[in-house]
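Peer 1: Dropping the structure in here first, questions after.
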Amino acid sequence: MTTYFQKPGKNNTDNTLKLALQRAKELKIKDIVLASSKGYTAKQIAKMDIKGLNVVCVTHHAGFEKPGQMELNDETKKLLEIKGVKVFRGTHYFSGLARAMRMEFGGIYTGEIAANVYRTFGEGMKVCVEIAIMALDAGLIPFGKEIIAIAGTGVGADTAVVIYPAYGRKFFETQIAEIICKPRQW
Ligand SMILES: Cc1cc2nc3c(=O)[nH]c(=O)nc-3n(C[C@H](O)[C@H](O)[C@H](O)COP(=O)(O)O)c2cc1C
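In structure tokens, the structure reads:
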């Protein structure tokens, strides 16, 4: 059932979104969480049939690229919201304090250790887990349900999973039920 892309990256975005929406329909899943830094993936899903779905775009935290700047700008945010895509910006669950510790003192700390273990499945897998938790903690998806998470390798989307996310403080209750698609190498 899993679709494997030969290579990671943006070229896989539309296929990933189509496969994810198809699986959502089959499983009657209404909640879709996707990563979109500048808005490309979110705009692509907004062109598809997302009527009746709760689509949440998790974007980079403010100042990720440059202090004081938002990568997904206000204009794109408004446009997405008109098309029924919610936009959420918050502290990245895995890296948050762990990255500050590494940058200040060296070493590696729990959040980034967990992130790097997920990265053995590909960058997108790590991001799928992270954004599902962020959306649940933000109250943008319901608790106690499987959802679909979509993410990629730097840009676009190449990975989608059916996931039962836990709140961040209950991290180990997270279950990845299905891998819809992922790259075979990266
Ligand atoms: C919270 C968050 C964390 C992310 N972490 C990573 C990461 O660790 N590695 C990676 O390759 N991409 C990461 N991404 C990028 C996403 O997986 C995805 O490819 C990107 O946000 C798509 O942006 P676009 O739609 O503007 O092209 C992250 C994105 C977000 C929003």
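If you read the sequence shown in this note's numbering, its first letter stands for residue 1200, the second for the next number, and so on.
Even glycine gets a Cβ: it sits at the ideal position worked out from N, Cα and C.
1) Under a three-way DSSP split, which group does Asn1253 fall into?
2) Go to Arg1301, then tell me how far its beta strand (DSSP E) extends in each direction, as first and last residue.
3) Would you mind sorting Ala1365 into buried or exposed? The rule is 16 or more other CB atoms within 10 Å of its CB.
4) Report whether the distance from the Cβ of Val1328 to the nearest heavy atom of ligand 1 is below 8 Å.
5) Counting along the chain, where does the alpha helix (DSSP H) carrying Arg1222 start and finish?
6) Checking 9 Å against the spacing of the C-beta atoms, do Leu1233 and Val1257 come in under that value?
7) Report the residue from Gln1374, Val1326, Ala1314 whose alpha carbon sits nearest the alpha carbon of His1259.
8) Do you know offhand how far Gln1384's Cα is from Ile1228's?
9) Going straight from the alpha carbon of Lys1276 to that of Phe1304, what length do you get?
10) Between which residues of its own chain and Asp1336 is the CB-CB distance below 7 Å, once the five residues before and five after are set aside?
11) Could you tell me the alpha carbon to alpha carbon distance between Pro1382 and Ala1359, rounded to whole angstroms?
12) Could you check how far apart the C-beta atoms of Ile1340 and Val1255 are, in whole angstroms? I think they sit under 8 Å.
13) May I ask you to check if the CB of Val1257 is nearer than 8 Å to at least one heavy atom of ligand 1?
14) To the nearest angstrom, how far is the alpha carbon of Lys1344 from that of Gln1374?
15) Rounded to whole angstroms, what's the CA-CA distance from Arg1318 to Val1328? Just pull it up for me.
16) Can you check whether the CB of Met1333 is closer than 9 Å to the CB of Gly1283?
17) Going by the beta-carbon positions, is the gap between Leu1218 and Gln1243 smaller than 9 Å?
Peer 2: This is what the structure gives:
1) In the sequence shown, counting from the first residue as 1, residue 1253 sits at position 54. Asn1253: strand per DSSP, three-state reduction.
2) As a position in the sequence shown, residue 1301 is number 102, starting the count at 1. Counting along the chain, Arg1301 falls outside any beta strand (DSSP E), though it belongs to the alpha helix (DSSP H) covering 1295-1304.
3) One-based indexing of the sequence shown puts residue 1365 at position 166. By the neighbour-count rule (16 or more Cβ atoms within 10 Å), Ala1365 is buried.
4) Position 129 of the sequence shown holds residue 1328. Relative to ligand 1, the beta carbon of Val1328 is positioned no closer than 8 Å to any heavy atom.
5) Position 23 of the sequence shown, counted from the first residue, corresponds to residue 1222. Where Arg1222 is concerned, the enclosing alpha helix (DSSP H) stretches over 1212-1226.
6) Position 34 of the sequence shown holds residue 1233. Position 58 of the sequence shown holds residue 1257. Closer than 9 Å, so yes.
7) In the sequence shown, the residue the question calls residue 1259 occupies position 60. Nearest of Gln1374, Val1326, Ala1314 to His1259, Cα basis: Val1326.
8) Stepping through the sequence shown from its first residue, residue 1384 is reached at position 185. Stepping through the sequence shown from its first residue, residue 1228 is reached at position 29. C-alpha separation (whole angstroms): 28 Å.
9) As a working note, residue 1276 is residue 77 in the sequence shown. As a working note, residue 1304 is residue 105 in the sequence shown. Between Lys1276 and Phe1304, the alpha-carbon positions lie close to 36 Å from each other.
10) For this step, residue 1336 is matched to residue 137 along the sequence shown. Excluding residues within five positions, the ones whose Cβ falls inside 7 Å are Tyr1366, Gly1367.
11) Locating residue 1382 in the sequence shown gives position 183, counting from the first residue. Locating residue 1359 in the sequence shown gives position 160, counting from the first residue. Here the C-alpha atom of Pro1382 lies approximately 10 Å from the C-alpha atom of Ala1359.
12) For the purposes of this step, residue 1340 is identified with residue 141 of the sequence shown, where counting begins at 1. For the purposes of this step, residue 1255 is identified with residue 56 of the sequence shown, where counting begins at 1. Approximately 6 Å separates the beta-carbon atoms of Ile1340 and Val1255; this is inside 8 Å, confirming the contact.
13) The residue given as residue 1257 occupies position 58 in the sequence shown. Under cutoff, so the answer is yes.
14) Position 145 of the sequence shown, counting from 1, holds the residue named residue 1344. Position 175 of the sequence shown, counting from 1, holds the residue named residue 1374. For Lys1344 and Gln1374, the gap between their C-alpha atoms comes out near 11 Å.
15) If you number the sequence shown from 1, residue 1318 lands on position 119. If you number the sequence shown from 1, residue 1328 lands on position 129. If you draw a straight line from the Cα of Arg1318 to the Cα of Val1328, it is about 11 Å long.
16) Residue mapping note: residue 1283 aligns to position 84 of the sequence shown, counting from 1. Residue mapping note: residue 1333 aligns to position 134 of the sequence shown, counting from 1. Their beta carbons are not under 9 Å apart, which means Gly1283 does not touch Met1333 by this criterion.
17) Counted from its first residue, the sequence shown places residue 1218 at position 19. Counted from its first residue, the sequence shown places residue 1243 at position 44. Not a contact, by the Cβ cut-off of 9 Å.
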